[in-house]
Structure formats: C-alpha cells, structure tokens
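In our numbering, each residue's number is its place in the sequence shown (first place is 1) plus 39.
Structure record follows, encoded as structure tokens.
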Amino acid sequence: MSGPSEALARTDVAGALTGLAERGLTAPARLLRPDSPRPPGAPAIDVDQLERRLLADCVDPAGGEELPGAQALWRDGRWWHTTLRPGEAIETLAEQPTGQVVRRVRVPLHRGYEPPDPSWLGAPVEWRPCPDCRPHNRLRACDCRLGDRPADSDCPHCCGAGLRASALRCYTCGDTHRLYQAVLVTVTDLRHRVVHLTWQAGTPEVAPLVATQPNGRPVVQLPDRYRLGSWAAVLGARPEDLRDADGGHDLDRNLRDGYVTLPWAGADPVGEYARSAGRGAAAGRLIVVAAPPDAPPLAELLRLALGLDVALVVTVCDLRHNTGDPLLADGLRWSVEVKPRDAPVLPDDLPYRPSLAAALAWCREGLTDAVASAVPADPAVPIPVPWSGPRDLAGDPEPDLLRLAARHAGQAVTVRFTRAGCAVHRHDDDGLRLLAQALDLRGV
C-alpha cells in the first residue's frame, strides 16, 4: 500500500477524473441542494498523520487481525475514516478463445463504516431501465434498429429480435443501464470558478425549430442556460475549449449550442437533451472543463520536428461559414501530427480537433511514439542529431495557416513542414492536390 502523500503527489486533476464513468456506473444519482451551507475553510492537513491513521485502520481493533485495507473520504471539510472488510465472494465463468471455461472468484470490499451524506446532497434522481441493452450479458440494440426503426425480421445479425451480442457500449445509455430524468452538469475552469446546472425532464421551455433532419425529425434549440458555450464565456473560456473532464474528449456541438433532435414533433426537448447529455455519465453527473488545454506553441513543436529531421503535418479546415446550421460542422478543425520525413500526405488525413491548442495537446501526448516510429528501420541509416542546425523559423505559422484555410473554405488544407521547406496540399472530393511548395508559408 502506498502512502497518501505519495499517492497525492502522483495524482493530478486529469488523472483523478479519468475513468470516472467506469468507476461509477452503478453509483446512485442525486441532485445538489443549492441552499446548503458552505463547509468551513479546509484546515491544514498533516498528510503523515493521515497515513498513520489509515495504516491503523487496516487492523481490526477487536481481534487484532489484519484487514484488506482502509479508506479516508473528504466530505464537508473533514476526513472520514473507515475500514474495508471482505464481502461475499462472487463467482464468474469466462469463456476463453479456445472454448474452455475459466472460473474466476472476486471478493468485493465493503466499508465498515459509512460516513453521513454530504450536506449539499439532494434528492435522488428518478430513472428507468434502458430498453436497448441487457445488464448481465453483451446484448445491445441491433444496427437494424438505428433511427428508432422496428427490428428487421430479415436482419442477419439479430433475426428480428432487435438485440445482438456486441463488445461495444450501449449507444442509448453508455452501459449505465439507466436513463435518468435529470442530469447535473458541472462546468469549471479547474481553478476557482464553477457552475452547477440541473437539466430536468418535463421542464417547460421555449425551443424554436431550427432545422429538420433528412429523416424528418425536428431539430430545436434550447435557451442560453442550456448552451454550454454560453457558460464557457462566463468562465472566461472559448466554446471550443470545452471538453469532458473524464478523458478530455471534445464536447459535442449539440451541448455547446443547445441543439437537440426530437424523436417526434411535440416531444419533451429538455428530457431528450438531458438524456443525451447524461449518456454514459456516472450517477447522471457530467463534469465539463472550460479551459484551454495545456499545449506547447506551434512554433516550438515545429522547431523540435525540424531539429529531429522529421515532418510536422498540420491540417486545418475552415467551416466557419456553417455557423448557425445545426446539421453541419462549423468553426475551425485542426490536426497536428509528427510523421517520418518521407511519409506521404494521405487523402483521408482530415482534421477533427476544435482548436489548434487541442490538436497540439493531442500531438504532444503521442509525441514519444511518433518520434520512435520515425526512426529508420535500416540500422545502416544514421539518425540525425537533435538540434543539429535546423533553419531559423520565420515566426508563428498560425496566421498563414488561417489565411490558407480561409482561402479554401470548406476544404481541408494540409501543410507538411520539413527541413527542405513546406508543401501545401488541398483535400478535394477526387483526392489530394498539391498546391504549392516553398521555403516557408509566406511565399505561398
């Protein structure tokens, strides 16, 4: 068992929140009490003392026998301690690829003492079972039922049953097996500012029709208080900076702008919106980060790529002319990748990140593997020495990239930077087209 001081030192906010949905699939959903008193300021914490208390809780005071573990929970401005005791063993049978069946036994742990509920915890959230999956097996809604169509009796996958075995998550509930009547959304900058929003089915709202899907379903837009893009501005962030705190995934545009597709005219827009927002969220809680990702400047990443004699491939697509159309992607889409020096640009290498910072953060996350893959397979080919005299950079290439993207609005433009210069490609409907080659983007 590692000590609390060591565990806290190794854990950041992103690490603590990643995997929250998987860990809390069966957690009960509760509302927040807006009128609850604020807990007093957190006192100074002696982490060593906390560690000693946890180690002491690992021993049964009655019999002196060693217990499986202990827990410390932070609630209402104080620590609550509890022992962990083994529960009844759970036996499962797992089939192997060879056809053999393996017996596995898991012993869950239970708290010896359950701390009282926090003062800010409100009433339970009502829910109904998901109709499109079965909790105790891998049956999921078949593809023949997409778009709320009836099951196809001639479907080769489900033979008309409407359910088929699948290793994927249930699209309707995200494997929580529950459809909540309300979802609690927390928008935070991870520093000092936070906003809690409750979207509850049955709330009457004026939601004007803004579009119609090709299948005839109406698309409506909810007021500002349901648009997370508006709340991002309140917290001093841009709408494209919004991302799910659990894993850092980019936020869906519908949640950003308040769009919801109704299954039929007259359906409850807030209920459909809450169901969509709460899909796969642990305990009906969606935590959204409203802050730009921690990313290096593009010029620094370019300088690093040239120093390693690899290619930096930047793709941008200007879709700002689609703003206001809920059926089309809008804004700017970016992609930044480090590739081997001679790797070609592919027609299907299209951008999908909502901001340059998000693309740069994603590129840095996979930078180690990308640089390793650029090492020549032939041991006789020398590896360039890092920082071995790349040419001086003219400056930040972002303004020139935006200029090129605006000139070819609606089409993705890829710029491949190497020590030899840059090559500009445009992704057309019939493939890839080389537009220009130059020493830098100022000459394009």
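C-beta: ideal position from N, C-alpha, C; glycine also.
Shortest Cα-Cα distance from TRP119 to any of GLY102, ALA128, GLU90 involves GLU90.
With fewer than 16 other CB atoms across the displayed protein chains lying within 10 angstroms of its CB, VAL52 is exposed. In this structure, the beta-carbon distance from LEU337 to LEU399 falls below 8 Å. The Cβ-Cβ distance between ALA321 and ALA221 does not fall below 8 Å.
Judged by DSSP secondary structure, CYS356 falls within the beta strand (DSSP E) whose first and last residues are 350-358.
Residue pairing of VAL249 in beta bridges, as defined by DSSP: absent, with no partner found. Within the same chain, Cβ atoms closer than 8 Å to the Cβ of GLN450 are found at CYS356, ARG465, HIS466, ASP467, the five residues on either side in sequence being excluded. Take the alpha-carbon of PRO195 and the one of LEU218: they are about 29 Å apart. Judged by beta-carbon spacing, VAL299 lies within the 8 Å limit of SER315, meaning their Cβ atoms are closer than that value. Only residues of its own chain outside the window of five on either side were considered, and among them GLY460 have a CB closer than 7 Å to the CB of LEU478, listed in chain order. Rounded to whole angstroms, PRO278 and ASP381 show a C-alpha spacing of 37 Å. One alpha carbon belongs to LEU473, the other to ASP388, and they sit about 14 Å apart. Setting aside the 5 residues that flank it on each side, LEU178 is surrounded in the same chain by CYS172, LEU202, ARG203, ALA204, SER205, each with a C-beta closer than 8 Å to its C-beta; the list follows chain order.
For GLU134, the enclosing beta strand (DSSP E) covers residues 129-134. In the three-state reduction of the DSSP assignment, VAL483 falls in the coil class, being assigned neither a helical nor a strand state. Across the structure, VAL226 and ALA396 are spaced so that their CA atoms are roughly 19 Å apart.
Residue nearest to VAL377 within the set SER394, THR407, ASP369, GLU437 is THR407 (criterion: CA-CA distance).
Exposed is the label assigned to LEU94, since fewer than 16 other Cβ atoms lie within 10 Å of its Cβ. Judged by DSSP in its simplified three-state form, THR407 adopts helix. Per DSSP, the continuous beta strand (DSSP E) segment holding ALA477 begins and ends at 470-477. With at least 16 other beta carbons inside 10 angstroms of its own, PRO393 counts as buried.
Your pair VAL384 and ARG455 checks out as a contact, with CB atoms roughly 6 Å apart and the cut at 8 Å.
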